[in-house]
Amino acid sequence: MTTHSTETPVSNFLRTIIENDLSAERFRGKRWAGVPGPASVQETGTKDPARIRTRFPPEPNGYLHIGHAKSIIINFGLARDYGGVCHLRFDDTNPEKEDQEYVDTIQDSVRWLGFDWENKEKGYCNLYFASDYFEYMYEFAIALIKNGDAYVDEQSPEEIAKMRGNFTEPGVDSPWRDRPIAESLTRFQEMREGKHPNGSMALRAKINMQSPNINMRDPVIYRIRHAEHHRTGNTWPIYPMYTYAHPIEDALEGITHSICTLEFEDQRPFYDWLLEKLLSFGLLKEPLPKQYEFARLKMKYIVTSKRKLLRLVEEGYVNGWDDPRMPTLVGLRRRGYTPAALRLFVERLGVSKADSNIDYSVLEQALRDDLDPIAPRAVAVLDPIKLVITNLPEDHEEACFAPINPHNPEAGKREFPLTRELWIERDDFREEPPKKYFRLFPGNTVRLKYAYVVRCTGFVKNEQGEITEVHVEYLPDTKSGTPGSDSVKVKGNITWVSTKYAIPATVNLYDRLFTDPAPDYGDKNYLDFLNPNSLQTVQAWLEPGLDTSAGNQWQFERLGYFIADQDSTADKPIINRSVTLRDSWGS
2 MTTHSTETPV
12 SNFLRTIIEN
22 DLSAERFRGK
32 RWAGVPGPAS
42 VQETGTKDPA
52 RIRTRFPPEP
62 NGYLHIGHAK
72 SIIINFGLAR
82 DYGGVCHLRF
92 DDTNPEKEDQ
102 EYVDTIQDSV
112 RWLGFDWENK
122 EKGYCNLYFA
132 SDYFEYMYEF
142 AIALIKNGDA
152 YVDEQSPEEI
162 AKMRGNFTEP
172 GVDSPWRDRP
182 IAESLTRFQE
192 MREGKHPNGS
202 MALRAKINMQ
212 SPNINMRDPV
222 IYRIRHAEHH
232 RTGNTWPIYP
242 MYTYAHPIED
252 ALEGITHSIC
262 TLEFEDQRPF
272 YDWLLEKLLS
282 FGLLKEPLPK
292 QYEFARLKMK
302 YIVTSKRKLL
312 RLVEEGYVNG
322 WDDPRMPTLV
332 GLRRRGYTPA
342 ALRLFVERLG
352 VSKADSNIDY
362 SVLEQALRDD
372 LDPIAPRAVA
382 VLDPIKLVIT
392 NLPEDHEEAC
402 FAPINPHNPE
412 AGKREFPLTR
422 ELWIERDDFR
432 EEPPKKYFRL
442 FPGNTVRLKY
452 AYVVRCTGFV
462 KNEQGEITEV
472 HVEYLPDTKS
482 GTPGSDSVKV
492 KGNITWVSTK
502 YAIPATVNLY
512 DRLFTDPAPD
522 YGDKNYLDFL
532 NPNSLQTVQA
542 WLEPGLDTSA
552 GNQWQFERLG
562 YFIADQDSTA
572 DKPIINRSVT
582 LRDSWGS
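Residue 2 is where the sequence shown starts when you use the working numbering, and the numbers rise one by one after that.
Printed below as a string of structure tokens:
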């Protein structure tokens, strides 16, 4: 499979930032102890061997989708290109929604994209979990309380939300905001010991309730959750909020560039506030991580909301998370999208802060461009009608040859038999042809691709008036690749397979899941725009000799790119259409 360089994306402001940081030697004194930890741990380390450290921090509560692929490719790609490493960190701070199944499939998806967090030769494995740092986070919270920078609030979650105000009204101080430090320490210890019910108390940072940035109005940093965690069990009845955990995780891991999407831009002031506080306590050391934001991937004709995707799965609109119509990485993989195609797609998009709505056709074209030079060619007939060459004997068999891939002559040729009876596409014959129709109709001549020129002499209909057979005569001395084969000029070429030797197969013709480019925009109900033709299953005939084992890919001539499904076998081939040969949506 080909690989595409991501050395020079179309536009990538992050590269400029990194290059400036390296030029200024911002990380010159940075140390790394080989494991994450606060200042006391990192001081025992040596000079960090990684020039930069980035991270991909998914929450293990669902399957990754195409938007996550962009983040993975950016973070791992930047680390690779600048002599750094990228950490895979699971943000498992929300115990009710997380599961080991998601941890496993996320790791598999990252590796499938061509990236790894482990290098056995260099002796490191940068796979981490937020839950690894719960004790550190708890200790840091106590330090904040002791310094007067956090307090335990006994209002309900609804009261806290109401008193934070909005974009036009300032927040109102909690009645618990100025409680004695010792009292907050006691209550926080009680929260830790599980003595209070869910929602009865929360630990809040003490910043500024009048801040124009709502995220700085004493955000909640710990809440009570009596829930079993998939890794820590029932050890913790309290869990940190993501906005609190995220900067601490970055700092403990020595992340240099914390790269996230634009929705976290308003969280950056708190990110910086918290790290500066912990630095002042001596819990962290310079250089601190810096957060940078880029525009998230927005694409036409898809939805990426976990809630909406879950509904598609649970209500049976699709056949699971790996349905080839889904934007999940497991779905795209089953559809036939390659890691190289996804990397090429992200490379073409570049990285910027400007929002843009990418048409689905850009993704499809990346797959075509990846597969075209490498995919072996084959013939498939999806809507068959029988063609009889009446001037050939019943037992006639003749070898025909075609290139395995026209871009790569060294790949050689494939051989398949011409017999008296063939399958052709029903659309390749018309009893009454429209204007500029150059395929088969009574009296017309076409070339059977890689074989002879034939002239249509008639056809047969059944009792229902449906055409069941097309009759032709072949013209000797016109076989492709032989002297004089071009003596008869034709405007049409049609593909075919032998009825005697063709392989029967189930072919799933997948298309876009939605008919509207913005199915969930505004007040739209995305279910109203489900494409009724997003999956059509046909019984087809394939060129003999194809290895239909799961994962094999081809370009079916004149039709598009296809992949053998994960459930495909030699006895029962199941083939999925990845993408048509050309954009059929015209968007």
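We treat Cβ as the ideally placed atom computed from N, Cα and C, and that holds for glycine.
Assign residue i to one of two classes, buried (16 or more other C-beta atoms within 10 Å of its C-beta) or exposed (fewer than that).
i, result
"A162", "exposed"
"K121", "exposed"
"V352", "buried"
"L313", "buried"
"S569", "buried"
"T329", "buried"
"E464", "exposed"
"Q43", "buried"
"Q537", "exposed"
"A25", "exposed"
"S488", "exposed"
"D179", "exposed"
"K480", "buried"
"C126", "exposed"
"V36", "exposed"
"S357", "exposed"
"L253", "buried"
"M2", "Confidence is the limiting factor: at M2 the pLDDT is only 41, short of 50, which leaves the residue's position unreliable and the question unanswerable from this model."
Hey, quick one: how far does the beta strand (DSSP E) through residue i stretch, first residue to last?
i, result
"E416", "K414 to T420"
"K31", "No beta strand (DSSP E) contains K31, which DSSP labels as neither H nor E."
"P385", "P385 to I390"
"N577", "I575 to T581"
"T262", "H258 to T262"
"R54", "R54 to F57"
"P505", "I504 to Y511"
"K291", "K291 to F295"
"I19", "Where I19 is concerned, there is no enclosing beta strand (DSSP E), although the alpha helix (DSSP H) it sits in stretches over F14 to S24."
"F557", "Q554 to F557"
"Y64", "Counting along the chain, Y64 falls outside any beta strand (DSSP E), and DSSP gives it neither H nor E."
Taking the Cβ atom as the reference point for each residue, do residue i and residue j lie within a distance shorter than 8 Å?
i, j, result
"M202", "E140", "no"
"A151", "I222", "yes"
"K647", "A40", "Since the displayed the chain opens at 2 and closes at 588, residue 647 lies outside it and no answer follows."
"E194", "P96", "no"
"L441", "V471", "yes"
"V508", "R583", "no"
"D251", "M210", "no"
"P545", "F417", "yes"
"I239", "I225", "yes"
"G85", "R52", "yes"
"W586", "S362", "yes"
"A400", "R378", "no"
"A506", "P435", "no"
"P61", "Y103", "yes"
"N532", "F557", "no"
Which residue marks the beginning of the alpha helix (DSSP H) containing residue i, and which one marks its end?
i, result
"D154", "Segment A151 to D154 is the beta strand (DSSP E) holding D154; no alpha helix (DSSP H) there."
"Y139", "F135 to K147"
"G78", "I67 to D82"
"G459", "First-last for G459: V454 to K462, but that is the beta strand (DSSP E), not the alpha helix (DSSP H)."
"Y245", "Y243 to L253"
"Y272", "R269 to S281"
"G332", "L330 to R336"
"F116", "From DSSP, F116 is part of no alpha helix (DSSP H); its letter is neither H nor E."
"E191", "I182 to R193"
Residue i and residue j look like a contact to me (Cβ under 8 Å); what is the Cβ gap, rounded to whole Å?
i, j, result
"K1", "D521", "No information on residue 1 is available, as it lies outside the stretch 2 to 588 that the chain covers here."
"D273", "N216", "Going by Cβ atoms, the distance from D273 to N216 rounds to 12 Å, so no, they are not a contact pair."
"R495", "L449", "Residue 495 is actually Ile in this sequence, not Arg. Confirmed, about 6 Å."
"A381", "A519", "Actually they do not touch by this definition, with Cβ atoms about 34 Å apart."
"V539", "D384", "7 Å"
"P241", "P290", "In fact, because the Cβ distance is near 17 Å, the residues do not count as touching under 8 Å."
Below 8 Å, how does it come out for the region 84-104 and the region 294-304: are there three or more Cβ pairs, yes or no?
no
Could you check whether the region 63-76 touches the region 338-350, counting it as contact only if at least three pairs of C-beta atoms, one from each stretch, sit closer than 8 Å?
yes
Meets three-Cβ-pair contact criterion under 8 Å: the region 555-565 and the region 372-385:
Touching, per the Cβ criterion.
At least 3 beta-carbon pairs within less than 8 Å: the region 297-306 vs the region 274-283:
no
Contact between the region 108-127 and the region 14-23: three or more CB pairs below 8 Å?
no
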